[in-house]
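Colleague: First residue of the sequence shown? That's 114 in the numbering used here, and the numbers climb one at a time after it. Glycine is no exception: its CB is placed at the ideal position from the N, C-alpha and C atoms. Pasting in a structure now, in structure tokens, and then I'll have a few things to ask.
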Amino acid sequence: MIKEITASLSELDKVVSYLEETLPANAIVFLRGDLAAGKTTLTQAIAKAKGIESEVTSPTFSLQHCYGEGLYHYDLYRLDHEEFMQMGLFEEFEKHGWHMVEWGSDALKAFLEGVGYNVVTIEIEPKENSRIYRIEA
């Protein structure tokens, strides 16, 4: 099932509310979209809704940021599936919470689904002064 939500930056709470209502407590969320589509911005809105006060930035060079307990943010732009596994990052998905994954490969997604993880994909498409969020669970 795909749910489509159109929201401006000031309306991101609509997207976050839908995610809170529909995602399980443990989920891996693949964020898809071009550069500057709003992947990190959505993660920032989720963090704010969860009461996380620390600054949320893209983990481009560190590969992973942890925000309190229950929200993890990955940027896998420079890593392929094999490198991800060799670095031992796969074990991070065992932690309780939502794992927001930017630039995750199709191979990684298929692997995670194959071993039983709850995997959700959110395609983000900029459109004028808003974004279209296509959420596939």
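Taking 7 angstroms as the threshold (C-beta atoms), are isoleucine 165 and alanine 180 in contact?
Modeller: Walking along the sequence shown from the start, residue 180 turns up at place 67. Walking along the sequence shown from the start, residue 165 turns up at place 52. It should be noted that the sequence gives tyrosine, not alanine, for residue 180. Yes.
Colleague: Less than 8 angstroms between the CB atoms is what I'm expecting for isoleucine 116 and tyrosine 131, so what's the real figure, rounded?
Modeller: As a position in the sequence shown, residue 116 is number 3, starting the count at 1. As a position in the sequence shown, residue 131 is number 18, starting the count at 1. It should be noted that the sequence gives lysine, not isoleucine, for residue 116. 7 angstroms between Cβ atoms; contact.
Colleague: Going straight from the alpha carbon of tyrosine 190 to that of tyrosine 246, what length do you get?
Modeller: Within the sequence shown, numbered from 1, the residue matching residue 190 stands at position 77. Within the sequence shown, numbered from 1, the residue matching residue 246 stands at position 133. Those two C-alpha atoms are separated by around 20 angstroms.
Colleague: List the whole-angstrom C-beta distance separating tyrosine 230 from glycine 210, where the pair is believed to meet the contact cut-off of C-beta under 8 angstroms.
Modeller: Stepping through the sequence shown from its first residue, residue 230 is reached at position 117. Stepping through the sequence shown from its first residue, residue 210 is reached at position 97. With 8 angstroms as the limit, tyrosine 230 and glycine 210 do not qualify as a contact, their Cβ atoms being about 13 angstroms apart.
Colleague: Which same chain residues end up closer than 7 angstroms to glutamate 236 when comparing Cβ atoms and leaving out the 5 residues on each side of it in sequence?
Modeller: Counted from its first residue, the sequence shown places residue 236 at position 123. Counting only Cβ-Cβ distances below 7 angstroms, and skipping sequence neighbours, we find Arg145, Gly146, Arg247.
Colleague: Is the distance from the Cβ of threonine 173 to the Cβ of aspartate 188 below 7 angstroms?
Modeller: Position 60 of the sequence shown, counting from 1, holds the residue named residue 173. Position 75 of the sequence shown, counting from 1, holds the residue named residue 188. Contact: yes.
Colleague: Tell me the DSSP bridge mates of threonine 119?
Modeller: As a position in the sequence shown, residue 119 is number 6, starting the count at 1. Paired residue(s): Ile245.
Colleague: Identify which residue in Ala140, Glu238, Thr154, Leu225 has its Cα closest to the Cα of lysine 259.
Modeller: The question about residue 259 has no answer, for the chain in this structure spans 114 to 250.
Colleague: Can you tell me whether threonine 156 is buried or exposed, with buried defined as 16 or more other CB within 10 angstroms of its CB?
Modeller: As a working note, residue 156 is residue 43 in the sequence shown. Counting C-beta atoms within 10 angstroms of its own C-beta, threonine 156 has 16 or more neighbours from the protein chains shown and is therefore classed as buried.
Colleague: What residue range is occupied by the uninterrupted beta strand (DSSP E) comprising valine 142?
Modeller: For the purposes of this step, residue 142 is taken as the residue at position 29 of the sequence shown. From DSSP, the beta strand (DSSP E) with valine 142 extends over 140-145.
Colleague: So is methionine 114 buried or exposed if we call it buried at 16+ other beta carbons inside 10 Å?
Modeller: Along the sequence shown, one-based indexing puts residue 114 at 1. The residue in question, methionine 114, is exposed, as its Cβ has fewer than 16 Cβ neighbours within 10 Å.
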